[in-house]
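Residue numbers (UniProt numbering), protein chains in the order written: chain A, 1 to 206; chain B, 1 to 206; chain C, 1 to 206.
To start, the structure under review is shown below, and the notes come after it.
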Amino acid sequence: MNLLYTLDLLGTAAFAASGALAAIRRDMDIFGVMVLGLVTATGGGTLRDLLLGDTPPFIFKDETYLYLSIAISLLVFLFHHTLSRLTHPLTFFDAVGLGTFVVIGTSKALEFQFGFVGSVMAGVMTATAGGMIRDMLSNRVPMVLQKEVYASACLVGGILLTLLHRSGMPRTFALLASAFTVITLRLLAVRFNWSLPRARYGNAQH
Amino acid sequence: MNLLYTLDLLGTAAFAASGALAAIRRDMDIFGVMVLGLVTATGGGTLRDLLLGDTPPFIFKDETYLYLSIAISLLVFLFHHTLSRLTHPLTFFDAVGLGTFVVIGTSKALEFQFGFVGSVMAGVMTATAGGMIRDMLSNRVPMVLQKEVYASACLVGGILLTLLHRSGMPRTFALLASAFTVITLRLLAVRFNWSLPRARYGNAQH
Amino acid sequence: MNLLYTLDLLGTAAFAASGALAAIRRDMDIFGVMVLGLVTATGGGTLRDLLLGDTPPFIFKDETYLYLSIAISLLVFLFHHTLSRLTHPLTFFDAVGLGTFVVIGTSKALEFQFGFVGSVMAGVMTATAGGMIRDMLSNRVPMVLQKEVYASACLVGGILLTLLHRSGMPRTFALLASAFTVITLRLLAVRFNWSLPRARYGNAQH
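What follows is the structure, encoded as structure tokens:
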């Protein structure tokens, strides 16, 4: 499906840019910028493929993802001052990546006969694990565990796709509807500054 | 073996609670609480299965572990104030998990024809890697590397089980004796506040 | 090839020592020292084998690596005061490990029919991922992402080996020439204090 592949590459580029920017903010050298770009863009899908037992992971079967992530990281390294003014388009393409990665991950797990929770997890992981590794390498608590409706948009998309798949919807429709739902939720969350509930932990030292 | 499966689920629940509590202490949102609960309870066994080449990992073959971990994490999210008063039962069930996870991991590696060190490592990893990932996601040095006789109880259990296995003991006896040893050592360590030796590093800045 | 295996063990020992020293600096107990020694020495190759789908990873097929890493870690635990005076030999053997790990990783990926970027990545990862996990367990930003020409020496070695392999050079020559190049570059970088360019991020708070 060519549209999905195109969206996948757009998302990969946006995720690579976000990783490269994080590396620059942490004062990493050019190697660090490439590693964080690569890991953010491809880490989630790679972890998913390891868990599915589908080795080698997708990035080693179609090196387009690697070339694209490295190229974007180098561009960000050179032109990050310009880029930091482009937060609007970056947020948009990041949301595209989020939606696309979720549906690719969930649908692949469904093909591998994973159960309900496992398939949703595979989708959420595809979309969020790269960013978590990026944050762990940056010595921070992963943003996705603390802030904004980022992961929940993924959860909704993974659950929706699993339900549509089980109810026998045509695959293309199910994929696009789920991806579109994630992208819309994510953009609304950014626009209206939604966030998830937290347990109030009080003033205790921790 | 039904007793071992029961202990395994008890341990999974205790580990999930410990992960969820850590997430609440770090002010994570409800998604973070679920992720840390899941990772703490199932991360060690998942990593073990990846290393054994037994994919997909156990959690995707029997989703009970996933449902249980998520349910416990949500309960902790809702009732953590009550829970923080239950340190005694939590410590007890955590020790049960430790013993059970070690013997499950070691015995699985022995079945896969791993050598002595590899089998012990598989057991220790099953019991401790989930907590290490929890601490890395919380941006802390893993507790198990710094404090208390936690990992060494696992080491003793893994070594004991490997020796009993090699000496031809009946499997059930070997498993239960080893798990019981780990649980006892762990509870004694908590009770008497044992800790492992450290190299004295002096006052150097680091 | 016996020379390569000897260099591999030398490198493993040097990497284990670096991991054990990092653990001591972070005030870890004896278990932490063993874990960081093991992870630094064998983590990169283990991750590579997971990504290649070659499970169980090499350390479980030939336990020499495990015994060696544990023994070195315990020696470092006991004699770290002496060891900290031996920075010159340690740097040398660490460079040997770097060169050897890169060529082992890259050549294994080439055997598994990986593409250009994938093979270079496999080599760089074999040499650097163990140290990255060591730093993540120590709650620091991985040194390799920030400082010195460490990873780029690996990149050069991996690229050189892939080119020599494709141009049909005899395997032994290609391996030794590439390893020697990495070792030389690394030692020159230490000697002359080379470092990679960074993007200037300005004074912004982050």
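Glycine included, each C-beta is placed from N, C-alpha and C at the ideal position.
Note that this is a predicted model, so its numbers are computed, not measured.
query: For A:G157 and residue 215 of chain A, believed in contact at Cβ under 8 Å, the rounded distance; result: Nothing can be reported for residue 215 of chain A, as the shown portion of chain A is limited to 1 through 206.
query: N-terminal and C-terminal residue of the alpha helix (DSSP H) that C:M125 is part of; result: F116 to L137
query: C:I24 versus C:A16 - alpha carbon distance; result: 12 Å
query: Assigned secondary structure, C:M54 (DSSP; H/G/I helix, E/B strand, else coil); result: Per the sequence shown, the amino acid found at residue 54 of chain C is Asp instead of Met. Coil.
query: 9 Å Cβ cutoff, A:R198 in contact with chain B; result: yes
query: Contact set for B:C154: own chain, Cβ-Cβ below 7 Å, skip 5 residues either direction; result: L98, V102, G123, V124, A127, T128 and V182
query: Other residues of its chain near C:L187: CB distance less than 8 Å, five sequence neighbours each side excluded; result: T91, F92 and A95
query: Closest Cα partner of A:D135 within the set A:G105, A:A22 and A:D8; result: A:A22
query: 7 Å CB neighbourhood of C:V144 in its chain, flanking five on each side removed; result: T128, G131, M132, Y150 and A151
query: Buried or exposed (CB count within 10 angstroms, at least 16 for buried), A:T87; result: exposed
query: Boundaries (first-last residue) of the alpha helix (DSSP H) holding C:E111; result: T87 to E111
query: Partner residues on chain C for B:L51, Cβ-Cβ distance less than 8 Å; result: T46, L50, T55, P56, P57 and F60
query: Members of the region 150 to 170 of chain C that neighbour chain A once the beta carbon cut-off is set at 7 Å; result: A151 and S152
query: Where A:R198 sits in the DSSP three-state scheme; result: strand
query: Below-9 Å beta-carbon distance, A:R85 vs any chain C residue; result: no
query: Beta-bridge pairing of A:D29 - partner residues as DSSP gives them; result: C:R198
query: Collapsed DSSP secondary structure at A:K147 in the structure displayed; result: coil
query: Contact with chain B by A:N139, beta-carbon distance below 9 Å; result: yes
query: Chain A contact residues for B:R26, given Cβ-Cβ distances below 7 Å; result: V141
query: Per-residue DSSP class, three states only, for C:R191; result: helix
query: Same chain, Cβ closer than 8 Å to A:V39, five either side skipped, listed in chain order; result: G19, G130, I133, R134 and L137
query: CB of B:I72 within 9 Å of CB of B:G37, strictly; result: yes
query: Straight-line Cα distance separating A:L7 from B:S195; result: 53 Å
query: Contact check, A:L185 vs A:A174, beta carbons under 9 Å; result: no
query: Neighbouring residues, chain F, relative to A:F114 (Cβ below 8 Å); result: Annotation note: the requested chain F is absent from the structure, which comprises protein chains A, B and C.
query: Host alpha helix (DSSP H) of A:V76 (start-end); result: T64 to L83
query: Identity of the residue in A:V35, A:D27 and A:Y65 nearest A:L10 by Cα; result: A:Y65
query: The region 41 to 61 of chain B touching the region 108 to 121 of chain B, judged by at least three CB pairs closer than 8 Å; result: yes
query: Beta carbon of C:T162 nearer than 9 Å to that of C:V190; result: no
query: CA-to-CA distance, B:D29 to A:L160, given in whole angstroms; result: 22 Å
query: Classification of A:Q146 by the beta-carbon crowding that lies within 10 angstroms, buried from 16 upward; result: buried
query: Three-way DSSP call (helix, strand, coil) for B:G45 in this model; result: helix
query: Nearest-angstrom Cα separation, counted from A:V35 out to A:G43; result: 10 Å
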